[in-house]
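For the record, in the sequence shown the residue sitting at position 176 is 176 according to UniProt numbering, with numbers rising by one throughout.
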Amino acid sequence: MNLASQRRFLSRTAMALACAGGLYSSAAMADEHVLVLLDVTGSMTLQSVPGKTRLQVAKDNINNFLDTVAPTPRKYAFWKFSGTAATPVFNFSDNKTAAEIKAAVNLATAGGNTPLAHSICAGIDHLLAFLPNDFHIKRVYLATDGEENTTPVADQCHGPFSANPYPNLDAGSWQWKVRNKACTGFANEPGPCGVLLPPYPPGLTMIVDIDHLFTDTVPFAAAARSEGLEDAELTTGLSAAASLNEDATFFKGISQETKGRYASITPSTPPSQAAPLPGDANLDGCVNVTDRSLVLSLYGKTVPAGTPADFNRTLVVDSYDHQTVLNNFGRGCTATAK
């Protein structure tokens, strides 16, 4: 079967799945508001997978997410951060398309220190302030290599590093405040995730997805010194190994608590897994009939966050994931692998 014939067959299958699942219902569904938060600090210029910097891999992942098919309309904002603050490139009120967000992401360059806590908390405020009285899914998509070091002292989420790792974070630490902000909407108000405190409407969902790009074989400080990067990151007083482990534990924990996706990406991560193509359910770098079969085998099932076949990150493999395979069919493949 040639590629055109396969596409026609897959399109008919997608229509059948959608109709069978009632997914073309006229019932109104909540929009999803996605804030893309990109770390453009100096250490993001370090190598990630062979031939690509951390920033390049982060851009690839963001672009690939924006190429997935969502079951509800998405509205986007794009911020980047370095120095001592986050810089809004586009806010939700700018009403930018996925293509426009991709173009802006691809223009980003790196340099400066890491106001990580400030950027996450300010981003959450922006999400919560956009259409605050309506029921919408709110998603922070953070791509970072971690290493908080320059959040201003007066910021709501400024604090020392927690001496204890997640989930037993020290009260008042920046990690404790960021976790509270994502879970309750208030930096100094602990509580369960998924239950934002008033004045936010009951049932409002905040999800935190994190791509964590770091070096698993070379101590961070040594790597930064070799590149002459980010002096503030060299004076945090933390050992490189401990800092990286604590970042990874914290990022994974906050993602899991908010039912988000966490991905750790190191120079040893296979390229097809470091930046999975949309539609590549088996992570082999080629979107083909094998991926279609895998999506169909999981169709209608609830899956854990981070399941490769759940391209749109809804925690259910649905017809929109199947449509993502169709839209990207043949991508990354040789002629014999389609």
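Ideal Cβ positions, reconstructed from N, Cα and C, are used throughout, including at glycine.
So Y178 is in the alpha helix (DSSP H); what residue range does that whole segment cover? It is worth fixing the name first, because residue 178 is Val in this sequence and not Tyr. Per DSSP, the unbroken alpha helix (DSSP H) holding V178 starts and ends at W174 to T184.
Should G237 be labelled buried (16 or more other beta-carbon atoms within 10 Å of its own) or exposed? Legend: pLDDT at G237 = 40, less than 50; position of this residue unreliable, no value from coordinates given.
Is the segment 243-257 touching the segment 90-100, taking contact as three or more C-beta pairs under 8 Å? no
Can you tell me the Cα-Cα spacing of A85 and T151, whole angstroms? 7 Å
Closest to residue 339 by C-alpha separation, out of W79, A281, P132 and M44, would be which residue? Since the first and last residues shown for the chain are 1 and 338, residue 339 lies out of range.
Start and end residues, alpha helix (DSSP H) containing residue 360: The displayed coordinates of the chain run from 1 to 338. Any statement about residue 360 would go beyond what the structure contains.
Could you give the distance in angstroms between the alpha-carbon of D321 and the alpha-carbon of L204? 24 Å
Suppose the cutoff is 8 Å on Cβ atoms and the five residues either side in sequence are ignored; what does the same chain contact list for V317 look like? V295, L298, Y299, G300, K301, V303, T307, A309 and D310
Around the C-beta of E32, are 16 or more other C-beta atoms found within 10 angstroms, so that it is buried, or is it exposed? With a threshold of 16 other beta carbon atoms within 10 Å, E32 meets it and is buried.
Of the listed residues D170, S119, K75 and A335, nearest to D155 (C-alpha basis): S119
Rounded separation between F81 and E148 - CA only: 11 Å
Given K177 as reference, the closest of I124, T290 and K102 once Cα atoms are compared: I124
Taking the straight line between their C-alpha atoms, what separation do you get for S293 and L326? 12 Å
Under 6 Å Cβ to Cβ from C333, same chain only, skipping five residues before and after it: list those, please. C286 and N288
Under three-state DSSP, which class holds A263? strand
Could you give the C-beta distance for L213 and V34, rounded to a whole number, given that I count them as a contact under 8 Å? About 19 Å; that fails the 8 Å criterion.
Decide if R54 is buried, meaning its Cβ has at least 16 other Cβ atoms within 10 Å, or exposed. buried
For N168, does the count of other Cβ atoms within 10 angstroms reach 16, so buried, or fall short, so exposed? exposed
Which value, in whole angstroms, describes the spacing of the CA atoms of G22 and F161? Confidence is the limiting factor: at G22 the pLDDT is only 41, short of 50, which leaves the residue's position unreliable and the question unanswerable from this model.
Neighbour-count burial assignment, P201, 16 or more Cβ in a 10 Å radius: exposed
When you compare only the Cα positions, how much space is there between P73 and P132? 17 Å
Taking the alpha carbon of A281 as the point to measure from, which residue in V40, Q47 and N64 has its own alpha carbon closest? N64
Cα-Cα separation between A122 and T41, rounded to whole angstroms: 17 Å
Determine the closest residue to P198 out of G185, N312, T324 and I207, with distance taken between C-alpha atoms. Out of G185, N312, T324 and I207, the CA that lies nearest to the CA of P198 is found in G185.
Taking A129 and I62 to be in contact with their CB atoms under 8 Å, please state how far apart those CB atoms are, rounded to whole angstroms. Not quite, the Cβ-Cβ distance comes to about 23 Å (not below 8 Å), so this is no contact.
Assuming N312 and P50 form a contact by the criterion Cβ under 8 Å, report the distance between their Cβ atoms to the nearest whole angstrom. At roughly 29 Å, the Cβ-Cβ gap does not stay under 8 Å, so N312 and P50 are not in contact.
Rounded to whole angstroms, what is the Cα-Cα separation between V105 and G191? Put simply, the backbone Cα of V105 is about 34 Å away from that of G191.
So which of W174, D60 and F78 has the shortest CA-CA distance to V36? F78
Residues in the same chain with beta-carbon distance under 8 Å from T258, minus the five sequence neighbours each way, listed in chain order, please. A182, C183, C193, G194, M206, I207 and V208
How many Å lie between D39 and F329 at the Cα? 31 Å
Quick one, are the C-beta atoms of G279 and T324 less than 8 Å apart? yes
Distance between D284 and Q175 (C-alpha atoms, nearest Å): 35 Å
Opening and closing residue of the beta strand (DSSP E) in which K301 lies: Premise fails: K301 is in no beta strand (DSSP E) and is neither H nor E.
Judging by CA-CA distance, which residue of L127, V69 and D134 is the nearest neighbour of A30? D134
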